[in-house]
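Visitor: The structure that follows is given in the form of structure tokens.
Protein chains: 2
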Amino acid sequence: MTTRTVPGPRERLLTAAKELTYAQGIGVGVDALLKRANVARRSLYEHFGGKDGLITEVLRVSADEDEAAYRQAMRAAGDDPRGRLLAVFDWLDGVIQEPDFRGCRYLAAELALAPDHPGHAVTRRYRERVHDLLEAELRALDHPRPEPAAEQLLLLIDGALAVGATRPGTHPAAAARLLADQVIGG
Amino acid sequence: MTTRTVPGPRERLLTAAKELTYAQGIGVGVDALLKRANVARRSLYEHFGGKDGLITEVLRVSADEDEAAYRQAMRAAGDDPRGRLLAVFDWLDGVIQEPDFRGCRYLAAELALAPDHPGHAVTRRYRERVHDLLEAELRALDHPRPEPAAEQLLLLIDGALAVGATRPGTHPAAAARLLADQVIGG
DNA sequence: GACCATATAGACCGGTCGATCTACTGGTCA
DNA sequence: TGACCAGTAGATCGACCGGTCTATATGGTC
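Protein chains in written order, with this note's numbering: chain A, 936 to 1121; chain B, 936 to 1121.
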């Protein structure tokens, strides 16, 4: 059996770290993670080799989930590429409004992790994946300059997440959506 | 004499902390700050009451300097409000290209500081100051909706700084400038 | 020359960090 | 039954954390 009926220590540690590192930042202590996950200290080092390995793995699975969330938001919007792109900003608006929204996990990691931390590679790859997702839709729209336009959309997304993190209660994604509309063109 | 010919411990500590907290994050150790500033341990606690006080003061003087930099970039652009606003993005492009650019200091602080840290008040006030600066120019332009437009410009600035931090070598401020042009209107 | 505020140097405090280690537990399977 | 193994529990390690302390040096003012 590779599937478990109950989450094992590895999975408990991953979800606990995903939650705590987002809520309290990368600097959370190992003890807090172990306590939250109800996992023995040793298991962490068996499964992940250390805190850095755990953080990196958290970023990796989060990136997979978040990319899936982008795809899902676009899939739910139908077949029109323009509507699919705008739907991303509608979805983001909801994300930012969630009471425990704390900004972009990957930007926070980029700013807080040591320059040689293996997590950086994960966050950069995630960023490229989202970029390519956007660019593909723009190409489907026959956008004249899909690559720089995707870059602009990414900038709008980052801006909305940053403003949302620093000014709770506002609707930066709605403001970004208006600009995205112009980027997409028509 | 209130002015010194040579910077005193307080000033040395401030500049050292300004540099190190930006380069290595808020999490730098007190020892590293003291060593960099060539200042006795006790002086830190005499002048700032502790690390939190020093960090807060660093944010305060940085905010003053950065607001002055915004004003200077606009002043150098002349009298036309439209040109003054676009000049902000030209200036930002240069800032982002600097080899030691590491993203927005205030966003990093917002993400890394404990929720009850006094530094938060400083960063929020700084954000409002920039916002008001932009809004004033938009009013001078008789922009129909100066407040939400200022919010959008702020979003573009944050987005450019975020992309600049995560994708060195690109020119996000140039991409943001194109969108800013549309926000400002004609 | 005496005085005092300011700064320096650095030992020292309790606490926490990430990491390693031993000893024990419960279930699996030959 | 007994070997095996992943997981648990927790003591312990050295390093570092922010903060307090004493002792000493310096430089300006009466």
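The beta carbon of each residue, even a glycine, is placed where N, CA and C say it ideally should be.
#1: With distances taken between CB atoms, is the gap from residue 1108 of chain B to residue 1028 of chain B smaller than 7 Å?
#2: What residues from chain B crowd round residue 960 of chain A, counting only those whose CB sits closer than 8 Å?
#3: Within 7 Å of any Cβ in chain B, is that where the Cβ of residue 1086 of chain A sits?
#4: So residue 1064 of chain A packs on residue 1002 of chain A, CB below 8 Å; how close in whole Å?
#5: For the putative contact between residue 958 of chain A and residue 1037 of chain A, defined by C-beta atoms under 8 Å, what is the C-beta separation to the nearest angstrom?
#6: How about residue 955 of chain A and residue 963 of chain A: are their beta carbons less than 7 Å apart?
#7: Say whether chain A places a C-beta atom closer than 7 Å to the C-beta of residue 985 of chain B.
#8: Based on Cα-Cα distance, which residue from A/1057, A/1017, A/1070 and A/946 lies nearest to residue 974 of chain A?
#9: Expressed to the nearest angstrom, what Euclidean distance is found between the alpha-carbon atoms of residue 1088 of chain B and residue 1095 of chain B?
#10: Within 10 angstroms of its Cβ, does residue 943 of chain A collect 16 or more other Cβ (buried), or is it exposed?
#11: Report yes if the CB atom of residue 1022 of chain A is closer than 7 Å to the CB atom of residue 1012 of chain A, and no otherwise.
#12: Tell me which residues share the same chain as residue 1106 of chain B and place their Cβ nearer than 7 Å to its Cβ, disregarding the 5 neighbours each side in the sequence.
#13: Relative to the C-alpha of residue 1068 of chain A, which candidate in A/1093, A/1056, A/1082 and A/1057 has its C-alpha closest?
#14: Using three-state DSSP, classify residue 1033 of chain A as helix, strand or coil.
#15: Are any of the Cβ atoms in chain B nearer than 7 Å to that of residue 1093 of chain A?
#16: Spell out whether any CB of chain B is found under 7 Å from the CB atom of residue 1112 of chain A.
#17: For residue 1091 of chain A versus residue 1115 of chain A, is the C-beta spacing smaller than 7 Å?
#18: Give a yes or no on whether 7 Å exceeds the smallest Cβ distance from residue 1042 of chain B to chain A.
#19: When you check each C-beta in the segment 941 to 969 of chain B against every C-beta of chain A, which residues fall closer than 7 Å?
#20: Against residue 1117 of chain A, what residues of chain B qualify as contacts under a CB-to-CB distance less than 8 Å, listed in chain order?
#21: List, in chain order, every chain A residue whose beta-carbon is nearer than 7 Å to that of residue 1038 of chain B.
#22: Tell me whether the beta-carbon of residue 1076 of chain A lies closer than 7 Å to the beta-carbon of residue 1085 of chain A.
#23: Mapping DSSP to helix, strand and coil, what is residue 1049 of chain B?
#24: For a contact defined as C-beta to C-beta under 8 Å, what are the partners of residue 991 of chain A on chain B?
#25: In three-state DSSP terms, what is residue 991 of chain A?
#26: Count the other CB atoms, across all protein chains shown, that sit within 10 Å of the CB of residue 1118 of chain A; report buried if there are 16 or more and exposed otherwise.
#27: Given that a residue counts as buried once 16 or more other Cβ atoms are within 10 Å of its Cβ, and exposed if not, what is residue 1104 of chain B?
#28: Kindly indicate the opening and closing residues of the alpha helix (DSSP H) around residue 1101 of chain B.
#29: Distance check for residue 1020 of chain B and residue 1050 of chain A, CA to CA, integer angstroms please.
#30: Taking CB distances under 7 Å as the criterion, tell me whether residue 1097 of chain A reaches chain B.
#31: Look at the Cβ atom of residue 998 of chain A, then the Cβ atom of residue 972 of chain A, and state whether they are nearer than 7 Å.
#32: Keeping to the same chain, check which residues put their C-beta closer than 8 Å to that of residue 1093 of chain B; ignore five residues upstream and five downstream.
#33: Find the residues of chain B that neighbour residue 995 of chain A, judging by a C-beta separation of less than 9 Å, and give them in chain order.
#34: Can you tell which of A/1079, A/1024, A/949 and A/977 has its C-alpha closest to the C-alpha of residue 989 of chain A?
#35: Residue 1059 of chain A touches chain B at which residues, Cβ-Cβ below 9 Å?
#36: Let's see if you can read the secondary structure: which residues bound the alpha helix (DSSP H) around residue 1056 of chain B?
Guide: Looking at the coordinates:
#1: yes
#2: 1046 and 1047
#3: yes
#4: 5 Å
#5: 7 Å
#6: yes
#7: no
#8: A/946
#9: 10 Å
#10: exposed
#11: yes
#12: 1028
#13: A/1082
#14: coil
#15: yes
#16: no
#17: yes
#18: yes
#19: 960 and 962
#20: 1114 and 1117
#21: 1046
#22: no
#23: coil
#24: Here the premise fails: no neighbours, minimum Cβ distance about 17 Å.
#25: helix
#26: buried
#27: exposed
#28: 1081 to 1101
#29: 34 Å
#30: yes
#31: no
#32: 1039 and 1042
#33: The contacting residues do not exist; residue 995 of chain A stays about 17 Å from chain B at best.
#34: A/949
#35: 1101 and 1102
#36: 1054 to 1075
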